[in-house]
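With our numbering applied, the sequence shown covers 22 to 105.
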Amino acid sequence: PKRTRFRNQHRGRMKGISYRGNHICFGKYALQALEPAWITSRQIEAGRRAMTRNARRGGKIWVRIFPDKPVTVRSAETRMGSGK
Numbered sequence: 022p023k024r025t026r027f028r029n030q031h032r033g034r035m036k037g038i039s040y041r042g043n044h045i046c047f048g049k050y051a052l053q054a055l056e057p058a059w060i061t062s063r064q065i066e067a068g069r070r071a072m073t074r075n076a077r078r079g080g081k082i083w084v085r086i087f088p089d090k091p092v093t094v095r096s097a098e099t100r101m102g103s104g105k
């Protein structure tokens, strides 16, 4: 989404297996996660770059996921608390 009402979200939890979007609709190859985890925009970009490097000129790549959940991580050796 272009603009959301709040900057940060609650984490929530992942339960169950996703049946939507877990098979290839178009194209020949796909990249699939082996275990459930929140995926960041940097991870998507890294995967896209690796695929474009291998595909060279002939390939077309569709990115069918959007990182609309802000994943925040506290840096190492930082005390707990003091807001999000």
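For every residue, glycine included, the Cβ atom is placed at its ideal position computed from N, Cα and C.
Residue closest to residue i, alpha-carbon to alpha-carbon, out of the options
i: isoleucine 45; options: Trp83, His31, Pro88, Thr99; result: Trp83
i: phenylalanine 47; options: Arg26, Ser103, Lys81; result: Lys81
i: glutamate 56; options: Ser62, Arg78, Asn43; result: Asn43
i: alanine 76; options: Ala51, Ala58, Asp89, Thr99; result: Ala51
i: arginine 26; options: Asp89, Ala58, Gln53, Ala54; result: Asp89
i: serine 39; options: Ser62, Ala58, Arg24; result: Ala58
i: glutamine 53; options: Ile86, Arg100, Thr73, Gly33; result: Ile86
Does the region 63 to 74 come within contact of the region 89 to 99, defined as at least 3 CB pairs closer than 8 angstroms? Result no; under three Cβ-Cβ pairs closer than 8 angstroms.
Complete beta strand (DSSP E) runs within the region 60 to 85 (minimum length 3 residues, chain order): Within the region 60 to 85, no complete beta strand (DSSP E) segment of 3 residues or longer occurs.
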